[in-house]
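Quick note on numbering: the sequence shown equals residues 62 to 571 in the working numbering. Just so you know, even glycine gets a beta-carbon here, dropped at the ideal spot from N, CA and C. Treat the numbers as computed from the prediction; the structure is a model and nothing was measured. To keep things clear, I will list the structure first and then write my remarks on it.
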Amino acid sequence: MTALADALPDDPGTLKAMLLAERARAERLEQIIRELRRHRFGRRAETLPEDQLLLGLEEVEQAAASSEAAGEAVAPAERARHAVRHRMNRGSLPAHLPRIEMVADIEDHSCPCCRNALHRIGEDRSERLDMIPAQLRVLVVRRPKYACRACEEVVVQAPAPARLIEGGLPTEATVAQVLVSKYADHLPLYRQSQIYARQGIILDRSTLADWVGRAAWLLRPVHERLLATLKTSTKLFADETTAPVLDPGRGRTKIGQLWAYARDDRPWGGADPPGVAYLYAPDRKAERPIAHLAGFTGILQVDGYAGYRALAERGDVRLAFCWAHVRRRFYELAVAGPAPIASEALKRIVDLYAVETQCRGRCADERRALRQEKSRPILEALEPWLRAKLDLISQKTKLAEAIRYALSRWEGLTRYLNDGRIEIDSNIVERSIRPIALNRKNALFAGSDGGGEHWAVIASLIETCKLCSIEPHNYLADVITRIVNGHPNSQINDLLPWAYTAALDTREVA
């Protein structure tokens, strides 16, 4: 203690400065510890995730249904009452589903009173949803051979139908099912192999991987055209997420990146169809988005990653930043303990989102006018308030970091005020990133950089199908079949998901 006391300065001002610096350091360490505890033991989402909420509701609904069934068993009147309710809430089944009719008729067609023949006066009709588990079947292609009796050497035969895999077992629909199971339903190939084995079909993982690789190579031109089409837009969203990739040379995985570039103008009534294109890269360097978005000019809505600023510095792109990322920083401080400044900042950001609720479904001009009227005063008061609070607190705290994060991006954060096409946040592209994270959780990693590229190609088409309300299996099976049969590259636009929707509509009208 004596040695420590001797090391302290005698000047009161210096001692006070050291004490304040130590207090700020302690507060920062406490905040980091609270965040680590919350990360380890608590939930990280700002709101209760919908999937978790529905999971809890499922258990409640199951218990209620069990109680109803027990009551119906002892009270027939209760069963009849519930049947009426079920008929009212059931809805109609889609017209495109095949109907298999069953007739529940009486055995005796004689009148129970006079025994005369009964005649039919009508019928009651009801529909129930039936399901046949996925079935594998064998398509047998027969190609008759013909010969000429006069010319012994002449043999005529129709050419064999084109195949994705020459000499292979799968049809294009089978390959499409493997792709959808892996990239839409997040079933790794070894699990799919186990599913097929239950039906007596032995398809090992390497065989399925061969199918996926060949399909990805075939679909690469469609993916390239999808990205090129998105880059003709005046506004895009961008985000990136990790994509672990096996690194055989080091015997472990390396961290690659999947970059997502999305378009969705539906919130303001834009005419361009929605879509998303993923691109794999082995790193997160700033030159990646520069290369990916070469030729794009317009507004790019992004998170706070500094790599996107290089695009803006080139002059072709204006950045719009994301208020959800700002809100998240203050939210983490507010839930970790008493934090009046963070809580007040969070409340003001909530007010901004309340205006966006009123903007939903309006055209771009109406959204801009509403924001000018209601959001601008909130933001004009928020900026000086944040600067004033920043001067009052230690610059080494997490709160100061959150405030500086917002102020350093203020121009991009307020750009949405003057343009009704811009969203308040980049949640649209973050929702497109979520399936990538689910696939990563189940598959753990891609086998190589090539596997990461295949992931990007197929996921782009599947997720764009989802945005366009297209069933991805039917789309992929049709597109693969058309390419295998020589679809011209000059008409590649006809293979984009939204063009597939238009073709379906045309067929239905015809």
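Buried or exposed (CB count within 10 angstroms, at least 16 for buried), aspartate 72: Position 11 of the sequence shown, counted from the first residue, corresponds to residue 72. Looking at its Cβ environment, which holds fewer than 16 other Cβ atoms inside 10 Å, aspartate 72 is exposed.
Simplified DSSP assignment, three categories, for arginine 379: What you label residue 379 is simply residue 318 of the sequence shown in a count that begins at 1. Arginine 379: strand per DSSP, three-state reduction.
Beta-carbon spacing of alanine 237, leucine 250 below 9 Å: Here residue 237 corresponds to residue number 176 of the sequence shown, with the count starting at 1. Here residue 250 corresponds to residue number 189 of the sequence shown, with the count starting at 1. Not a contact, by the Cβ cut-off of 9 Å.
Where the beta strand (DSSP E) containing alanine 342 begins and where it ends: By one-based count along the sequence shown, residue 342 stands at place 281. That run of the beta strand (DSSP E) goes 336-342.
Distance between proline 194 and leucine 179 (C-alpha atoms, nearest Å): Residue numbering aside, residue 179 sits at position 118 when the sequence shown is read from its first letter. Residue numbering aside, residue 194 sits at position 133 when the sequence shown is read from its first letter. One C-alpha to the other measures close to 41 Å.
Secondary structure of phenylalanine 298, DSSP reduced to three states: Counted from its first residue, the sequence shown places residue 298 at position 237. Three-state DSSP puts phenylalanine 298 in a strand.
Beta-bridge pairing of threonine 303 - partner residues as DSSP gives them: Position 242 of the sequence shown holds residue 303. Answer is Gln318, bridged to threonine 303.
Continuous beta strand (DSSP E) stretch holding glutamine 362: start and end: The residue you call residue 362 lines up with position 301 of the sequence shown. That run of the beta strand (DSSP E) goes 359-362.
Simplified DSSP assignment, three categories, for lysine 243: Counted from its first residue, the sequence shown places residue 243 at position 182. Helix at lysine 243.
C-alpha gap between cysteine 175 and alanine 156, whole angstroms: Locating residue 175 in the sequence shown gives position 114, counting from the first residue. Locating residue 156 in the sequence shown gives position 95, counting from the first residue. Those two C-alpha atoms are separated by around 43 Å.
Cβ neighbour criterion (16 or more within 10 Å) applied to leucine 522: Counting from one through the sequence shown, the residue named residue 522 turns up at place 461. Answer is buried; the Cβ neighbour count reaches 16.
Delimiting residues of the alpha helix (DSSP H) encompassing tyrosine 414: By one-based count along the sequence shown, residue 414 stands at place 353. That run of the alpha helix (DSSP H) goes 401-420.
Alpha carbon of leucine 235 to alpha carbon of serine 267, nearest angstrom: The residue labelled residue 235 in the question sits at position 174 within the sequence shown. The residue labelled residue 267 in the question sits at position 206 within the sequence shown. According to the sequence displayed, residue 235 carries threonine and not leucine. About 16 Å.
Alanine 165, DSSP secondary structure in three states: As a working note, residue 165 is residue 104 in the sequence shown. Three-state result, alanine 165: coil.
Separation of glutamate 472 from methionine 149, as counted between CA atoms: Indexing the sequence shown from 1 puts residue 149 at position 88. Indexing the sequence shown from 1 puts residue 472 at position 411. Below a pLDDT of 50, predicted positions are generally treated as unreliable, and methionine 149, at 48, falls in that range; no measurement from the model is reported.
Beta-carbon spacing of proline 231, valine 241 below 9 Å: The count along the sequence shown starts at 1 and reaches residue 231 at position 170. The count along the sequence shown starts at 1 and reaches residue 241 at position 180. Contact: no.
Alanine 221 classed as buried or exposed, judged by whether at least 16 other C-beta atoms fall within 10 angstroms: Start at 1 with the first residue of the sequence shown, and residue 221 comes out as number 160. Exposed.
Collapsed DSSP secondary structure at lysine 292 in the structure displayed: In the sequence shown, residue 292 corresponds to position 231, counting from 1. Coil.
Valine 378, buried or exposed, once every other Cβ within 10 Å from all chains shown has been counted against 16: Start at 1 with the first residue of the sequence shown, and residue 378 comes out as number 317. Buried, since its Cβ has 16 or more Cβ neighbours within 10 Å.
Backbone CA spacing between glycine 331 and arginine 423 [nearest angstrom]: Looking up residue 331 in the sequence shown gives position 270. Looking up residue 423 in the sequence shown gives position 362. The alpha-carbon atoms of glycine 331 and arginine 423 are separated by roughly 11 Å.
Meets three-Cβ-pair contact criterion under 8 Å: the stretch 473-492 and the stretch 436-444: At 8 Å Cβ cutoff, the stretches touch.
Beta-carbon spacing of leucine 447, alanine 406 below 9 Å: Along the sequence shown, one-based indexing puts residue 447 at 386. Along the sequence shown, one-based indexing puts residue 406 at 345. Yes.
CB-CB length for alanine 277 against histidine 515, believed under 8 Å: Within the sequence shown, residue 277 is the residue found at index 216, counting from 1. Within the sequence shown, residue 515 is the residue found at index 454, counting from 1. Sure, about 4 Å apart at Cβ, within 8 Å.
Cβ pair count under 8 Å reaching 3, the stretch 395-402 against the stretch 378-387: The stretch 395-402 vs the stretch 378-387: no contact.
Cβ-based neighbour list, tryptophan 272, same chain, cut-off 7 Å, excluding 5 preceding and 5 following: As a working note, residue 272 is residue 211 in the sequence shown. So the qualifying residues of the chain are Ile226, Pro231, Val236 and Val239.
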